[in-house]
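The structure appears right after this line, and notes come after that.
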Amino acid sequence: MAQENDIVRRAERLTAEYIGCIDDDALERWPQFFTEDGMYRIVSRENYARGMPASFFYCQGQGMMHDRILALRRANIYEPHVYRHMVSGTRLRHEEPGGWRLTTNFHVVRTMHTGEIVVFATGCFEDMLVEREGALLFREKTVICDSSRIDTLLVIPL
Amino acid sequence: MQAMPQPTATDFSLQWPALGVCRVPYQVFTDTALYNAEQARIFRGEVWNWVGLEAETPHPGDFKTQRIGDTPVIMVRDAQGAMQVFVNRCAHRGALLCVEQRGHTKQFTCVYHNWSFDLQGRLRGVAFRHGIRNQGGLPSDFDFAAHGLQRLRVEVLHGLVFATFSPHVAPLATWLGPRMTAHFARIFHRPVRILGSYSQFMHNNWKLYMENVKDTYHASILHLFLTTFGVNRLSMEGGLDISPDGGHHVSWSKRASEQLAGTEYTQKTMHAMQDDMQLADPRIVQMWPEFEDGVTTAIQGIFPNLVVQQIQNSLALRLMIPQGVDACELHWLLFGYEDDTPEQTDIRLLQSNLVGPAGLVSMEDGMIGNWIQRTIAQDADQTAVLEMGGREVTTQGSRVSEASVRGFWQAYRTMMDV
């Protein structure tokens, strides 16, 4: 139990840093939360539940994550906006060789440069965490959005 | 099947500019009366509406719900295996009959008063039909056969299910024409595997998106990623094939054919080319040559609101559903083929990063229509200009053209009688 509490607390601290990185627009650091071959994807709850593999956003490895941020900075066109993540309910699903699987609820509010504020996404992170040189990293992060519908566009990772 | 009452011309008032389809009055994107007339004259008029893929409902009793314009419908495979499409409304008091997005059933039963309908839409059961102890219930001469669900005409072509409210519109293949049916045959040449679905909500009139998807001129200018990484540039060999009525089109290009030198792309005058950008992991733009014709990007628009997409190995159907005069929702259905290898499926999934609401080459389309919608509210009498590639609606060898956008408006004007 003590060990379980310890991993949950460590995962919560990692998630706090992770969402801070995104919400503070320090996106160049975002790939560093993952192992080099880490997998990141954003899916709808419906596709996930039906076993459908299509994602909104799918990166295999830090290189693709880096490319997403490069595109966000230099290629994609969108109106300036920021996210604010609220997370809760981190729990350990199970421990497996080499890592831990945890789930955390999230809620993301999007504020446009015009001042318009909307709830952009809610759902959960399904994470696979591993320890590298004493630090936790995401080997997998599946962002499961409760809604299958995205308002306007999704350019900043969740 | 009954013809819908057609609104008369007095339901809205629109004077199309004398220059014809090379001008588009902004009123078409802002007028609620026109929007209502579109429901009757287009979506319930002389068109075939795509509703789904047969592969979505493989077994008798499998159904999905969808909308044709503003009208909710159910697509279901009946006991004989035939595809049926009904208005999703109980024939008793009008309640939504089926609220699930998809599922499997033996019959459709309305929760309000338990009226039930079989998979061909026939009324089969009415709760307390005979009343209780000879009190209440339906009159003895009540005609069950006259109170079935409103059933649409349905045709299936290469696994695509289309439905129409019109008893008059030509058979589907005739209505589409040979060029469009040939493109269906090209994409849907073997059984598909559905990879998933999602949608993108846009704050603009539905026709602004259809203009966008038919606009081969914008694609490699607005979408910097497309251009910078050579997925599609106007300097590649390509073309724009338009159906005779203007309503349907296929635009296509061949990645291997490019002659960049001497175009505006290399003259640093365009924001679209960023020569110094390199992908750390180019797998998301790496493709395998899948079609023998060498075409690497093909976008097909079917009037009024369907898009068949091949962007490299990313295949999708997109259906544009209006949500009132100033909003709409684009439904995406991503697919591959049943016999794809796991490696091929993975390539399709990686390339799906290019498309959808988070698509590296398509996300901007979710926004650009709203940039128009915002500026025109008070200037309904002003017009957009569509003169790239001339003022006519003809098949073109160049995609530096707005011909298929003009084609859309040509078909629209015919159907709306404006």
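In order, the protein sequence lines correspond to chains A and B. Per our numbering, the first sequence runs over residues 523 to 680. Per our numbering, the second sequence runs over residues 275 to 692. We put the CB at the ideal spot given by N, CA and C, even for glycine.
Around the C-beta of residue i, are 16 or more other C-beta atoms found within 10 angstroms, so that it is buried, or is it exposed?
i: His522(B); result: buried
i: Leu293(B); result: exposed
i: Arg535(A); result: exposed
i: Ser414(B); result: exposed
i: Arg507(B); result: buried
i: Val302(B); result: buried
i: Asn587(B); result: buried
i: Met275(B); result: Annotation note: pLDDT 48 at Met275(B) (below 50); position unreliable, no value reported.
Answer yes or no: do residue i and residue j have a C-beta to C-beta separation smaller than 8 Å?
i: Ala685(B); j: Gly520(B); result: yes
i: Met454(B); j: Gln574(B); result: yes
i: Ala353(B); j: Pro334(B); result: yes
i: Met574(A); j: Gly470(B); result: yes
i: Leu580(B); j: Leu589(B); result: no
i: Ala677(B); j: Leu553(B); result: no
i: His477(B); j: Thr674(A); result: yes
i: Leu594(A); j: Ile529(A); result: no
i: Ile468(B); j: Ala632(B); result: no
i: Cys296(B); j: Glu617(B); result: no
i: Met510(B); j: Lys528(B); result: yes
i: Trp562(B); j: Ile646(B); result: no
i: Thr537(A); j: Val640(A); result: no
i: Gln625(B); j: Ile516(B); result: no
i: Ile591(A); j: Trp622(A); result: no
i: Phe578(A); j: Gly630(B); result: yes
i: Thr557(A); j: Arg654(A); result: yes
i: Val599(B); j: Asn479(B); result: yes
i: Arg563(A); j: Tyr605(A); result: no
Of all the CB atoms in chain B, is at least one closer than 8 Å to the CB of residue i?
i: Gly583(A); result: yes
i: Asp547(A); result: no
i: Met586(A); result: yes
i: Glu561(A); result: In the sequence as presented, Glu is not what sits at residue 561(A); that position holds Met. By this cut-off, Met561(A) is not an interface position.
i: Ala538(A); result: no
i: Met574(A); result: yes
i: Val665(A); result: no
i: Phe718(A); result: In the structure as shown, chain A starts at 523 and stops at 680, and residue 718(A) therefore has no counterpart that could be examined.
i: Ile564(A); result: yes
i: Asp589(A); result: yes
So, does the CB of residue i fall closer than 8 Å to a CB anywhere in chain A?
i: Ile779(B); result: Lying before the first or after the last residue shown, residue 779(B) is absent from chain B, which here runs from 275 to 692.
i: Ala365(B); result: no
i: Pro650(B); result: The residue you asked about is not Pro; residue 650(B) is Ile in the sequence shown. It does not: the Cβ of Ile650(B) has no partner Cβ on chain A nearer than 8 Å.
i: Met275(B); result: For Met275(B), the predicted model reports a pLDDT of 48, less than 50, meaning its position is unreliable and no value from the coordinates is stated.
i: Ala283(B); result: Confidence at Ala283(B) is low in this model, with a pLDDT of 46, below 50, so the placement of that residue is unreliable and no value is reported for it.
i: Ser273(B); result: As displayed, chain B neither begins before 275 nor continues past 692, which places residue 273(B) out of reach and without an answer.
i: Gly355(B); result: no
i: Gly470(B); result: yes
i: Thr502(B); result: yes
i: Leu371(B); result: no
Near residue i, what residues of its chain come up, given a Cβ to Cβ distance below 7 Å and the 5 sequence neighbours on each side ignored?
i: Arg398(B); result: Gln381, Ser390, Phe391, Asp392
i: Val321(B); result: Thr438, Val443, Phe577, Pro578
i: Thr331(B); result: Phe337, Lys338, Met349, Val350, Arg351
i: Phe402(B); result: Gly410, Gly411
i: Phe458(B); result: Leu431, His432, Leu434
i: Thr619(B); result: Gly610
i: Thr379(B); result: Gly335, Phe337
Output needed for residue i: all residues of its chain with C-beta closer than 6 Å, excluding positions within five of it in sequence on either side, in chain order.
i: Asp639(B); result: Asn486
i: Arg567(A); result: Ile666, Asp668
i: Gln584(B); result: Ala572
i: Gly611(A); result: Asn627
i: Cys372(B); result: Thr339, Ile348, Asn362, Phe382
i: Met650(A); result: Gly621, Arg623, Arg661, Glu662
i: Gln344(B); result: The sequence as given places Asp at residue 344(B); Gln does not occur at that position. Excluding sequence neighbours, Asp344(B) sits near Gln313.
i: Ile316(B); result: Pro578, Met689
Starting from the C-beta of residue i, find all residues in its chain whose C-beta is less than 8 Å away, skip the five residues before and the five after it, and write them out in chain order.
i: Ala283(B); result: Summary for Ala283(B): the model assigns pLDDT 46, below 50, so the residue's position carries little reliability, and this model does not support an answer.
i: Val347(B); result: Val325, Thr339, Gln340, Arg341, Val359, Phe360, Val361, Asn362, Leu426, Ala437
i: Asp653(B); result: Tyr300
i: Glu601(A); result: Met634, His635, Thr636
i: Val565(A); result: Ala576, Ser577, Phe578, Thr664, Val665, Ile666, Cys667
i: Asn388(B); result: Gly399, Val400, Ala401
Under 8 Å (Cβ pairs) to chain A, residues found in the stretch 598-616 of chain B: Glu603, Leu608
Chain B contacts from the stretch 593-604 of chain A (Cβ-Cβ distance under 7 Å): Ala593, Arg596, Ala597, Asn598, Ile599, Tyr600, Glu601
Near-chain A residues of the stretch 616-642 of chain B (beta-carbon distance less than 8 Å), N- to C-terminal order: Thr619, Leu623, Leu624, Ser626, Asn627, Gly630, Pro631, Ala632, Leu634, Met637, Glu638, Gly640, Met641
Residues within the stretch 584-596 of chain B neighbouring chain A, beta-carbon criterion of under 7 Å: none
The stretch 473-487 of chain B: positions lying closer than 9 Å to chain A by Cβ: Ser473, Gln474, Phe475, Met476, His477
Near-chain A residues of the stretch 414-433 of chain B (beta-carbon distance less than 7 Å), N- to C-terminal order: none
Contacting positions in the stretch 654-680 of chain A - beta carbon closer than 7 Å to chain B: Ser670, Arg671, Ile672, Asp673, Thr674, Leu675, Leu676, Val677
Contact set between the stretch 546-567 of chain B and chain A, restricted to residues whose Cβ is under 8 Å from the partner: Gln548, Met551, Leu553, Ala554, Asp555, Arg557, Ile558
Cβ-based contacts, 7 Å cut-off: residues of the stretch 673-690 of chain B near chain A: none
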